[in-house]
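Protein chains in written order, with my numbering: chain A, 214 to 344; chain B, 214 to 344. Even glycine gets a Cβ: it sits at the ideal position worked out from N, Cα and C. It should be emphasised that the depicted structure is a prediction, and the values quoted were computed from it without experimental measurement. What follows is one structure encoded as structure tokens, with my remarks underneath.
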DNA sequence: TCCATTGGTATCAAAAAGGACACTATAGCT
DNA sequence: AGCTATAGTGTCCTTTTTGATACCAATGGA
């Protein structure tokens with residue numbers, strides 16, 4: 214997908230749309246940002262399974278595609294705020310429908326004694342601070 | 214995505230929905246089937262860039278997820294028809310919106326003398342028969 | 001002085017996805 | 001006898017994605 218896009222042209226509208234928001238992380242990020250501006254680590258806490266690296270990468274791509282805005286504050290410790298761009302905002306109905314569809318049509322598979330994916334200690338530290 | 218699903222549970226509706234239709238091939242297959250039943254090689258001709266193997270794999274997953282129906286005719290040469298299931302049909306609005314969004318918001322990047330991805334000779338043979 | 005915090009990078013390794021290519025059976029046509 | 005068409009499968013290999021882990025700077029607080 215990515216590759217296609219950057220390799221010069223996008224043949225199909227479906228592909229184009231999915232390329233921009235059709236992945237787990239991107240859809241989730243955009244969905245979270247529907248509620249408003251978020252800082253980097255806020256997003257991280259909202260998405261416990263994404264690694265810092267992945268989150269960064271996905272945010273960069275979303276920014277490059279013009280879906281989100283990135284505002285850096287010259288402070289210490291650093292502060293960076295992410296928000297939807299106007300273009301990103303146009304995805305709102307689609308994202309909500311997608312969410313709705315998933316909720317309606319997918320029977321929640323119970324974790325049935327699932328062994329908890331086991332995040333690293335660093336991740337755990339971060340997660341603690343989400344109340 | 215796939216892995217997540219089959220690893221037991223799906224945490225998030227967005228993820229669940231995307232898992233089922235949020236990939237290049239799956240979305241395209243489903244979109245094509247909106248127009249009606251298609252045979253295997255019809256789909257292939259409609260999607261010149263997918264390999265036979267990929268098409269098979271994606272169709273199998275869609276079937277396993279209950280999004281499409283597969284009807285085998287005991288004939289020679291073989292005949293297999295694919296169509297949307299009732300569940301798959303519920304994706305229609307979503308697919309059309311997705312398509313619409315892509316068409317509206319993504320500026321078509323011109324192939325600008327693109328060197329034609331060069332499909333194998335076998336593929337070319339198949340493609341010839343699409344008028 | 002040491003630790004925590006923030007928003008990242010860099011590097012290496014593993015896993016998943018995707019593509020190329022060869023091969024199958026059977027009937028009909030030439 | 002040889003070719004075509006259909007709907008695949010199997011194997012191997014490459015590309016892409018993802019994950020784990022370590023590291024960074026500067027400041028404030030204990």
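Does any CB atom of chain B fall closer than 7 Å to the CB of residue i?
i, result
"residue 320 of chain A", "no"
"residue 228 of chain A", "yes"
"residue 249 of chain A", "no"
"residue 310 of chain A", "yes"
"residue 286 of chain A", "no"
"residue 307 of chain A", "yes"
"residue 316 of chain A", "yes"
Please classify residue i as buried or exposed, where buried requires at least 16 neighbouring CB atoms within 10 angstroms.
i, result
"residue 241 of chain B", "buried"
"residue 233 of chain A", "buried"
"residue 288 of chain A", "exposed"
"residue 284 of chain A", "exposed"
"residue 292 of chain B", "exposed"
"residue 277 of chain A", "exposed"
"residue 249 of chain A", "exposed"
"residue 319 of chain B", "buried"
So, at 8 Å on beta carbons, what are the nonlocal neighbours of residue i in its own chain, with the 5 sequence-adjacent residues on each side left out?
i, result
"residue 245 of chain B", "251, 256, 259, 260"
"residue 268 of chain A", "238, 242, 253, 256, 257, 260"
"residue 159 of chain A", "Past the edges of chain A, shown from 214 to 344, lies residue 159 of chain A, and the structure says nothing about it."
Any beta carbon of chain A sitting closer than 7 Å to that of residue i?
i, result
"residue 277 of chain B", "no"
"residue 240 of chain B", "yes"
"residue 270 of chain B", "no"
"residue 231 of chain B", "yes"
"residue 301 of chain B", "no"
"residue 244 of chain B", "yes"
"residue 292 of chain B", "no"
"residue 298 of chain B", "no"
Let me make sure I understand the geometry here. Which of the options has the alpha-carbon closest to that of residue i?
i, options, result
"residue 299 of chain B", "B:313, B:290, B:289, B:279", "B:279"
"residue 264 of chain B", "B:277, B:237, B:289, B:285", "B:237"
"residue 317 of chain B", "A:271, A:301, A:249", "A:301"
"residue 303 of chain B", "A:315, A:308, A:295", "A:315"
"residue 212 of chain A", "A:290, A:307, A:266", "As displayed, chain A neither begins before 214 nor continues past 344, which places residue 212 of chain A out of reach and without an answer."
"residue 253 of chain A", "A:225, A:282, A:319", "A:282"
"residue 262 of chain B", "A:225, A:320, A:311", "A:225"
Which whole-angstrom value describes the C-beta separation of residue i and residue j, a residue pair presumed to lie in contact below a C-beta threshold of 8 Å?
i, j, result
"residue 243 of chain B", "residue 297 of chain B", "7 Å"
"residue 239 of chain B", "residue 275 of chain B", "6 Å"
"residue 295 of chain B", "residue 272 of chain B", "6 Å"
Is residue i near the ligand HEM, judged by its Cβ being under 6 Å from some heavy atom?
i, result
"residue 263 of chain A", "Within the structure as shown, the ligand HEM is missing, as the structure has no ligands at all."
Leaving out five residues on either side along the sequence, give the residues of the same chain with a beta carbon under 7 Å from the beta carbon of residue i.
i, result
"residue 305 of chain B", "247"
Go through its chain and collect everything with a Cβ distance to residue i's Cβ below 6 Å, but skip five positions before and after it.
i, result
"residue 286 of chain B", "292"
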